[in-house]
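Engineer: Provided herewith is a single structure, encoded as structure tokens, for subsequent inquiry.
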Amino acid sequence: MRRLFIAAGAALVLAAPAAAHLPVAGSGSAVGEGVPLKAYASITPTVQLFGDELTAKIAILADSKLVDPARLRVTTNFTPYQPAKQASVLRLQVGRFAQITWTWVLRCDTSPCVPRLPPSDKFHVFHFQPAHIEYLALDGKPKYGINASFPPVEVLSQVSPGVAAFLRQANRVNWRYDFTPVAAPTYRFSPSVVFWLAIGLGVLCVLAAVWFAHRWYLVVRPRAAAVDIDPGTTLERALAVLRYAHRHGDETLQRKAFERVAGELGVERADELTLIARELAWSPRTPEDEEVEEFAEQALGVQDGPT
631 MRRLFIAAGA ALVLAAPAAA HLPVAGSGSA VGEGVPLKAY ASITPTVQLF
681 GDELTAKIAI LADSKLVDPA RLRVTTNFTP YQPAKQASVL RLQVGRFAQI
731 TWTWVLRCDT SPCVPRLPPS DKFHVFHFQP AHIEYLALDG KPKYGINASF
781 PPVEVLSQVS PGVAAFLRQA NRVNWRYDFT PVAAPTYRFS PSVVFWLAIG
831 LGVLCVLAAV WFAHRWYLVV RPRAAAVDID PGTTLERALA VLRYAHRHGD
881 ETLQRKAFER VAGELGVERA DELTLIAREL AWSPRTPEDE EVEEFAEQAL
931 GVQDGPT
């Protein structure tokens, strides 16, 4: 771990040191010069092509006996660059030595970063505002602070001098590469097969929906049971209702049918059968099948005979 701090310290020697506005510790400091902390600012690379990313770092070396690392606050302004993601913070500590490193990944691909200022239209130099490092008291108010300056950043154009000269003379783009046709797409399954399969599945779904709807309709609205009624005279229709009621065990309908047959027989002047029909209509017992069939045949015989 000590080797790591030695390597980090050697790298920070090359970074821009912070301006000193710090209290001096009378008993000495682990970071040297009697100060409780030191700050270093760095940017890599300091020469970049337009649109590339920058990495900015603020590294603070502190004596943990004099400084609580959790109470350090860093303020930066990288305009016109914007962070590509949230800053990362790395904390290391060995004995009294503590190192806190903030790292930002910056990007600028907007008009302010396009290289176009004198003395050449091929580069642009940015000078970022110094980072401000504050140490907060227990009540959250700044106790003291220092600044750390970043090195300047030179931005170069990605357009070569030859292309730039051609653009100035011809005022048009000189394409260096021809556009090649895009290769034909390949599919695991033929699009036509997938299309017709989708159509078939859609039709099957519609048919299934119709079938389920039909079944639901039969449950909610069952079909009226067909009554075997041969269209004919009123007596024949009344006898058909009688047979249907007897066959299905509907006693109430059967009694009503006997009354209806009795009324029709009265019209035909069949007095004996009329009495039998009314007797069966109000009989406490249910007539047997043979009785009903015999009665129906006699009633039809009366209708077929002379009136």
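Going by this note's numbering, the sequence shown opens with residue 631, and the numbers climb by one from there. Backbone N, C-alpha and C fix where the C-beta goes; we use that ideal spot for every residue, glycine too.
1) Span of the alpha helix (DSSP H) holding T864?
2) Do Y765 and R701 have their CB atoms nearer than 8 angstroms?
3) Excluding five sequence neighbours on each side, which residues of the same chain lie with their C-beta closer than 6 angstroms to the C-beta of T733?
4) In whole angstroms, what separates the C-alpha of A926 from that of L869?
5) Go ahead and label I690 buried or exposed: buried means 16 or more other beta carbons lie within 10 angstroms of its beta carbon, across all protein chains shown.
6) Is it buried or exposed, I829, if we count other Cβ atoms within 10 angstroms and call 16 or more buried?
7) Specify the secondary structure class of D919 as computed by DSSP and reduced to three states.
8) Taking the DSSP output, what are the residues bridged to G775?
9) Whole-angstrom Cβ separation of T904 and L895, contact assumed at under 8 angstroms?
10) Pull the bridge partners of V785 from the DSSP assignment, please.
11) Can you check DSSP and say which residues form a bridge with R737?
12) Would you identify the three-state DSSP class for A728, choosing helix, strand or coil?
13) State the Cα-Cα distance for the pair P713 and L736, rounded to the nearest angstrom.
14) Specify the secondary structure class of Q723 as computed by DSSP and reduced to three states.
15) Just the Cα atoms here: how many angstroms apart are S672 and L684?
16) Taking only three categories from DSSP, how would you classify S694?
17) Helix, strand or coil for Y817 per DSSP?
18) For V704, collect the residues of the same chain with a Cβ closer than 7 angstroms to its Cβ; drop the 5 residues on either side in sequence, then sort them by chain order.
19) Does DSSP put V793 in a helix, in a strand, or in coil?
20) To the nearest angstrom, how far is it from the Cα of A800 to the Cα of V744?
21) State the beta-bridge partners of K668 as determined by DSSP.
22) Count the other CB atoms within 10 Å of the CB of F842; is the residue buried (16 or more) or exposed (fewer)?
23) Can you tell me which of V661, P782, V665 and E866 puts its alpha carbon nearest to the alpha carbon of H754?
24) Rounded to a whole number of angstroms, what is the C-alpha to C-alpha distance between C835 and A929?
25) Look at the alpha carbon of S787 and the alpha carbon of V677, and state the distance between them as a whole number of angstroms.
26) Provide the residue span of the beta strand (DSSP E) that contains P704, from first to last.
27) DSSP beta-bridge partners for S718?
28) Assuming L696 contacts S741 under a Cβ cut-off of 8 angstroms, what Cβ separation, rounded to an integer in Å, is found between them?
29) When we look at the beta-carbon of D693 and count the other beta-carbons within 10 Å, is it buried (16 or more) or exposed?
30) Let me make sure I understand the geometry here. Which of V824, D698, E902 and R890 has the alpha-carbon closest to that of A767?
Structural biologist: Working from what's here:
1) Start and end: T864 to R877.
2) yes
3) For T733, the CB contacts under 6 angstroms within the same chain, skipping 5 residues up- and downstream, are K687 and S718 in chain order.
4) 6 angstroms
5) Buried, because 16 or more other Cβ atoms sit within 10 Å of the Cβ of I690.
6) Exposed, because fewer than 16 other Cβ atoms sit within 10 Å of the Cβ of I829.
7) Helix.
8) E764
9) 4 angstroms
10) Beta-bridge pairing links V785 to Q678 and H754.
11) Under the DSSP definition of a beta bridge, R737 partners with E683 and Q712.
12) strand
13) 4 angstroms
14) strand
15) 10 angstroms
16) DSSP places S694 in coil when its eight states are reduced to three.
17) coil
18) Residues of the same chain with a CB within less than 7 angstroms of the CB of V704, apart from the 5 flanking positions on each side, are I688, W732, A761 and I763 in chain order.
19) helix
20) 21 angstroms
21) K668 is bridged to L691.
22) exposed
23) P782
24) 56 angstroms
25) 11 angstroms
26) Contrary to the premise, residue 704 reads as Val rather than Pro in this sequence. V704 -> beta strand (DSSP E) spans L702 to T705.
27) T733
28) Contact doesn't hold; Cβ gap of about 46 angstroms is too wide.
29) buried
30) D698
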